[in-house]
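Student:
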Amino acid sequence: MLRRWLVVVWIAAAAAGCKSESARLKAEGNMRFNQGQYAEARDAYARAVDADPEDPGARVLLGNALIELHDYDAAREQFERALELDPDAPEAHRGLMTIVSHTAAPGDSDAFARFLAHAEALVAARPEDKNALINAGIITSEAANPADPDAYAKAQAKAESYLRRALKIDDRDPKLLFHLVVVYARKGEVAVGERVVDRIRAVQPEAGLADYAAAVLYALAGARDRALASVEALLANADVDPDSLLARTSYLASLHGDAEFQALIAEAKRRRQ
65 MLRRWLVVVW IAAAAAGCKS ESARLKAEGN MRFNQGQYAE ARDAYARAVD
115 ADPEDPGARV LLGNALIELH DYDAAREQFE RALELDPDAP EAHRGLMTIV
165 SHTAAPGDSD AFARFLAHAE ALVAARPEDK NALINAGIIT SEAANPADPD
215 AYAKAQAKAE SYLRRALKID DRDPKLLFHL VVVYARKGEV AVGERVVDRI
265 RAVQPEAGLA DYAAAVLYAL AGARDRALAS VEALLANADV DPDSLLARTS
315 YLASLHGDAE FQALIAEAKR RRQ
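So the sequence shown is numbered by the working numbering: it starts at 65 and just counts up by one.
Rendered as structure tokens:
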């Protein structure tokens with residue numbers, strides 16, 4: 065009986081020792097990570113995983129360091145293992161979202177679906193996580209197929225609900241406000257979108273974001289003349305690169321073939337020379 069008790073005590077002590085060593089190595093990794101020494105952080109976190117393989121937190125930290133080193137396959141493996149150990153680990157879902165955002169090709173519907181699944185899991189685990197709510201709203205809106213009007217409308221309504229929840233947490237976040245404008249444009253609620261544009265102008269008047277948001281609102285809503293007027297106002301800002309409005313994935317893509325839009329871009333480029 066005494067021998068069995070001693071064995072139990074020894075096992076407990078060994079486990080405590082492993083966790084203590086893992087904690088020390090995670091602290092070392094955190095210090096390296098915060099200093100931008102990602103390879104050294106990776107090595108410390110890897111040793112922490114070796115010391116306590118059942119610790120999902122150590123695997124999440126290792127995954128984060130691997131992302132910074134662009135080793136996405138290895139990072140994915142760590143996050144997935146963390147979720148096996150703790151199915152509710154929110155930071156593992158965040159890590160997998162980050163990997164998708166770094167690696168998915170534009171228009172990859174499977175990647176959108178994976179991202180949204182992780183975003184929804186993160187929102188469920190942390191309902192007050194503003195960034196998770198914003199990301200869930202963006203992806204829900206972007207992934208919707210306009211060829212299916214009913215499903216598209218439901219997706220935009222769901223996206224709005226995510227973004228509105230985030231708005232209750234921070235009503236001054238420019239990224240949040242901009243994507244709320246996009247959703248209202250897709251819902252055809254231009255007047256509501258205009259009020260959000262006014263809010264953007266109030267919280268960030270100097271960066272040209274409000275004019276861009278207005279241009280996007282009107283372009284997506286099919287209001288060409290108002291979109292072009294907003295583009296003209298936007299390009300009056302010397303800090304705005306005209307080429308940035310020509311990206312294939314731009315929300316202004318519907319204007320790219322418009323002669324007046326092209327003339328505005330050409331004139332803005334001429335002024336920058």
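Note that the Cβ used here is the ideal one computed from N, Cα and C, for glycine as well.
Is Y276 closer than 8 Å to L298 when the C-beta atoms are compared?
Tutor: As a working note, residue 298 is residue 234 in the sequence shown. As a working note, residue 276 is residue 212 in the sequence shown. For L298 and Y276, yes; Cβs fall inside 8 Å.
Student: Quick one: grab the DSSP three-state call for S318.
Tutor: Indexing the sequence shown from 1 puts residue 318 at position 254. The answer is helix: DSSP assigns S318 an H, G or I state.
Student: For the alpha helix (DSSP H) that R229 lies in, which residues bound it at each end?
Tutor: Here residue 229 is taken as the residue at index 165 of the sequence shown, counted from 1. Looking at the DSSP string, the run of the alpha helix (DSSP H) that includes R229 is P213 to I233.
Student: In terms of alpha-carbon separation, which member of A302, P269, A175 and E253 lies closest to L284?
Tutor: As a working mapping, residue 284 is identified with position 220 in the sequence shown. The shortest C-alpha separation from L284 is found at E253.
Student: Return the chain-ordered list of same chain residues with a C-beta closer than 6 Å to the C-beta of E224, the five sequence neighbours on each side being excluded.
Tutor: As a position in the sequence shown, residue 224 is number 160, starting the count at 1. Around E224: V247.
Student: Specify whether the segment 143 to 153 and the segment 165 to 174 touch according to this definition: at least 3 beta carbon pairs, one from each stretch, less than 8 Å apart.
Tutor: These segments do not touch.
Student: For A208, does the three-state DSSP call read helix, strand or coil?
Tutor: By one-based count along the sequence shown, residue 208 stands at place 144. A208: coil per DSSP, three-state reduction.
Student: Below 8 Å, how does it come out for the segment 209 to 218 and the segment 176 to 186: are there three or more Cβ pairs, yes or no?
Tutor: Contact between the segment 209 to 218 and the segment 176 to 186 is absent, because fewer than three Cβ pairs lie under 8 Å.
Student: Return the Cβ separation of A219 and I198 in integer angstroms, given the expectation that the two are a contact with Cβ distance under 8 Å.
Tutor: Counting from 1 along the sequence shown, the entry for residue 219 is found at position 155. Counting from 1 along the sequence shown, the entry for residue 198 is found at position 134. Actually they are not in contact, since the Cβ atoms of A219 and I198 sit about 16 Å apart, beyond 8 Å.
Student: Pick out whichever of H157, R250, A169 and A207 has its Cα sitting closest to the Cα of V187.
Tutor: Position 123 of the sequence shown holds residue 187. Checking every option, the nearest Cα to that of V187 belongs to H157.
Student: Leaving out five residues on either side along the sequence, give the residues of the same chain with a beta carbon under 6 Å from the beta carbon of A105.
Tutor: Stepping through the sequence shown from its first residue, residue 105 is reached at position 41. G93, R96, F97 and A129.
Student: Residue range of the alpha helix (DSSP H) that N128 falls in?
Tutor: Within the sequence shown, numbered from 1, the residue matching residue 128 stands at position 64. Counting along the chain, the alpha helix (DSSP H) containing N128 begins and ends at P120 to E132.
Student: How about R159 and A139: are their beta carbons less than 8 Å apart?
Tutor: As a first step, residue 159 is located in the sequence shown; it is residue number 95 there, counting from the start. As a first step, residue 139 is located in the sequence shown; it is residue number 75 there, counting from the start. Residue identity differs from the one stated: residue 159 is Gly in this sequence, not Arg. In contact: G159 and A139 (Cβ atoms closer than 8 Å).
Student: Can G257 and L227 be called in contact, C-beta distance under 8 Å?
Tutor: Translated into the one-based positions of the sequence shown, residue 257 becomes position 193. Translated into the one-based positions of the sequence shown, residue 227 becomes position 163. No, the Cβ-Cβ distance between G257 and L227 is not below 8 Å.
Student: Please classify V295: does DSSP put it in a helix, a strand, or coil?
Tutor: As a working mapping, residue 295 is identified with position 231 in the sequence shown. It is helical.
Student: Quick check on the burial criterion: 16 or more other C-beta atoms within 10 angstroms. Buried or exposed for A77?
Tutor: Here the question's residue 77 lines up with position 13 in the sequence shown. With a pLDDT of 39 at A77, under the threshold of 50, the modelled position of this residue cannot be trusted; read the value that follows with caution. Exposed: under 16 other Cβ atoms inside 10 Å.
Student: How long is the line joining the alpha carbons of D289 and A266, rounded to whole angstroms?
Tutor: Start at 1 with the first residue of the sequence shown, and residue 289 comes out as number 225. Start at 1 with the first residue of the sequence shown, and residue 266 comes out as number 202. Looking at the two C-alpha atoms, the distance is approximately 24 Å.
Student: Give me, in chain order, the residues of the same chain whose beta-carbon lies closer than 7 Å to that of A183; leave out the 5 immediate sequence neighbours on both sides.
Tutor: Within the sequence shown, the letter at position 119 stands for residue 183. Contacts found: M161, A196, N199, A200 and I203.
Student: Return helix, strand or coil for R67, following the three-state DSSP convention.
Tutor: Within the sequence shown, the letter at position 3 stands for residue 67. Confidence at R67 is low in this model, with a pLDDT of 48, below 50, so the placement of that residue is unreliable and no value is reported for it.
Student: Can you check which of these residues, D235, A207 and I233, is closest to K222 by C-alpha distance?
Tutor: The residue given as residue 222 occupies position 158 in the sequence shown. Closest option to K222, Cα to Cα, is A207.
Student: Measure the alpha-carbon distance for I59 versus A293 and round it to whole angstroms.
Tutor: Nothing in the structure corresponds to residue 59, since the chain is present only between 65 and 337.
Student: A153 lies in the alpha helix (DSSP H); which residues open and close that run?
Tutor: By 1-based counting over the sequence shown, the position of residue 153 is 89. It is not in any alpha helix (DSSP H) - A153 carries neither H nor E in the DSSP assignment.
Student: With S86 and D116 assumed to form a contact (beta carbons below 8 Å), what rounded beta-carbon distance in angstroms separates them?
Tutor: Counting from one through the sequence shown, the residue named residue 86 turns up at place 22. Counting from one through the sequence shown, the residue named residue 116 turns up at place 52. With a Cβ gap of about 4 Å, S86 and D116 count as contacting.
Student: Whose C-beta lies closer than 6 Å to the C-beta of A274 among residues of the same chain, with five residues either side of it excluded?
Tutor: As a position in the sequence shown, residue 274 is number 210, starting the count at 1. Around A274: V261, I264 and R265.
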